[in-house]
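So for the sequence shown, the numbering used here puts the first residue at 1; every next one is plus one. We treat Cβ as the ideally placed atom computed from N, Cα and C, and that holds for glycine. Notes for the one structure printed next.
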Amino acid sequence: MSVVTRLLPAHSEAELVAALPAVLDALRSGKPVALPTETVYGLAADALQASAVARIFEAKERPFFDPLICHLPSREWVARLTLRSGGKSGAVTEALLERFWPGPLTVVLPRNPEVVPDLVAAGLPTVALRMSAHPVFQRVVEAFGRPLAAPSANRFGRISPTTAAHALSELAGRIPLVLDAGATRHGVESTIVRVREDGVIEVLRPGPVTHDELRAFGFVRQIKGALAVPDAPGQLASHYAPRAPLVLLDAAGDAPSSGCGLLALARSRIPAARAAGYAQVEYLSSTGDPLEAAANLFAAMRRLDDAGVALIVAERAPATGLGIAINDRLSRAATR
Ligand code: TXA
Ligand code: MG
């Protein structure tokens, strides 16, 4: 069934106040709405109402085995939605929340099955929790007064939306509204961690909170793609996929054939003659700044896709800091 999707602006306080009633109406009647967060746009619905959560899966065409992140109105909700974790896990988790919330960090904790519907967690004994630092998202979730389940606002397996226009192009006709607060700040999804009983911090998905930042709180272990699958079914290798095949190189050379697109890390490092050999070039940053590159990544992938290039040549980022998250998304885009 097709619905009319409204794009409501929320660039100012006045616009947000005007849009809030429609957003809350939709959420209260169990309909999902696309909202900005500091990472990517999310498709949010009442996390504690299984029928509302089901509509998220339906709109995204997401398989039910892929669990969702719950976004909390406040820290107090952690105790309600989870069970106590043993050993050092609780203390390390507390310290992480104290330092990184609200912000782009998601923690996986033992789920309280009496409060969190099975559907949210895809039946897993755990639940993923986050508190967004985006002022618009915060206002909505606080006014709603309950946790919002929110995956990225794209159809399953596609590139995450970093603007309201992207969310609209993914979900128009499937959801009642998209709240527009401009481009998102980080551009890649939250870092997902799980803390083991011995205090080791396992990174299930690299993101804006880097390994270096996490290291202050314990030993950090990156769980590689396939390894995370039993616990994080959503960490499917092929994700963030543009339509064109993508090859990942340490540094781009000349175009391998005609009609290729180039996803270059730094404008300063691509000679003009080399760029001219590509049908379209997207520069993620001017001189290689990873913050700038991450923020531009998904929009650049979409533009190359829209240009209809036959092949995307992408450059790997240096594997430190945010470069780890950028490379993770690029290698998923390269897998099909
Ligand atoms: O930045 C973000 O995290 C964005 C914004 C909207 O908050 N959300 C997001 O959600 O990226 P989504 O659904 O696209 O990705 C969430 C990932 C999925 O790969 C899922 O498998 C994993 O989190 N996940 C969810 N619950 C989990 C759990 N209990 N254990 C392990 N992984 C889990
Ligand atoms: Mg996603």
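query	result
Bridge-paired residues (DSSP) for residue 107	129 and 193
Three-state secondary structure assigned by DSSP to residue 221	strand
Nonlocal neighbours in the same chain, by C-beta distance under 8 angstroms from residue 33, ignoring five residues either side	23, 26, 27, 43, 44, 45, 175, 176, 177, 178 and 179
For residue 72 and residue 129, believed in contact at Cβ under 8 angstroms, the rounded distance	6 angstroms
Residue 344 beta carbon near the ligand MG (any heavy atom closer than 8 angstroms)	Nothing in the structure corresponds to residue 344, since the chain is present only between 1 and 336.
Within 9 angstroms, strictly: CB atoms of residue 148 and residue 136	no
Beta-carbon gap between residue 41 and residue 122 smaller than 9 angstroms	no
Collapsed DSSP secondary structure at residue 147 in the structure displayed	coil
Neighbourhood of residue 2 by C-beta, 7 angstroms cutoff - its chain only, sequence neighbours within 5 removed	173
Whether residue 214 touches residue 314 by CB criterion (9 angstroms)	no
Sufficient close CB pairs (3 or more, under 8 angstroms) joining the stretch 289-308 to the stretch 182-191	yes
Whole-angstrom distance between residue 262 and residue 353, CA atom to CA atom	In the structure displayed, the chain extends from 1 to 336; residue 353 sits before or after that span and is not available.
Distance cut-off 8 angstroms: residue 160 Cβ against heavy atoms of the ligand MG	yes
Residue 122 CB to nearest heavy atom of the ligand TXA below 8 angstroms	yes
Three-state secondary structure assigned by DSSP to residue 163	coil
Residue 213 - partner residues in DSSP beta bridges	In the DSSP output, where bridge partners are listed per residue, residue 213 has none listed.
CB of residue 305 within 9 angstroms of CB of residue 242, strictly	yes
Close-in-space but distant-in-sequence residues of the same chain around residue 5 (CB under 8 angstroms, 5 per side omitted)	168, 171, 172, 173, 174, 175, 176, 177 and 178
Residue 300 - DSSP class collapsed to helix/strand/coil	helix
Neighbourhood of residue 49 by C-beta distance below 7 angstroms, restricted to the same chain and skipping five residues each side	30
Residue 64 versus residue 290: straight-line alpha-carbon distance, rounded	34 angstroms
Inter-residue Cα distance where the pair is residue 222 and residue 150	24 angstroms
Straight-line gap, residue 318 to residue 324 (C-alpha atoms, nearest Å)	8 angstroms
For residue 38, the nearest candidate out of 218, 7 and 102 (CA to CA)	102
Span separating the alpha-carbon of residue 273 from that of residue 212	37 angstroms
Cβ neighbours of residue 54 in the same chain (closer than 7 angstroms, five flanking residues each side left out)	119
Heavy atom of the ligand MG within 8 angstroms of residue 292 beta-carbon	no
Cross-strand partners of residue 280 (DSSP beta bridge)	261
Inter-residue Cα distance where the pair is residue 250 and residue 104	27 angstroms
Range covered by the alpha helix (DSSP H) that runs through residue 90	89-100
Enclosing alpha helix (DSSP H) for residue 86 [first to last residue]	Residue 86 -> no alpha helix (DSSP H), and no H or E assigned at all.
Limits of the unbroken beta strand (DSSP E) element including residue 9	6-9
heavy atom of the ligand MG below 8 angstroms from residue 189 C-beta	yes
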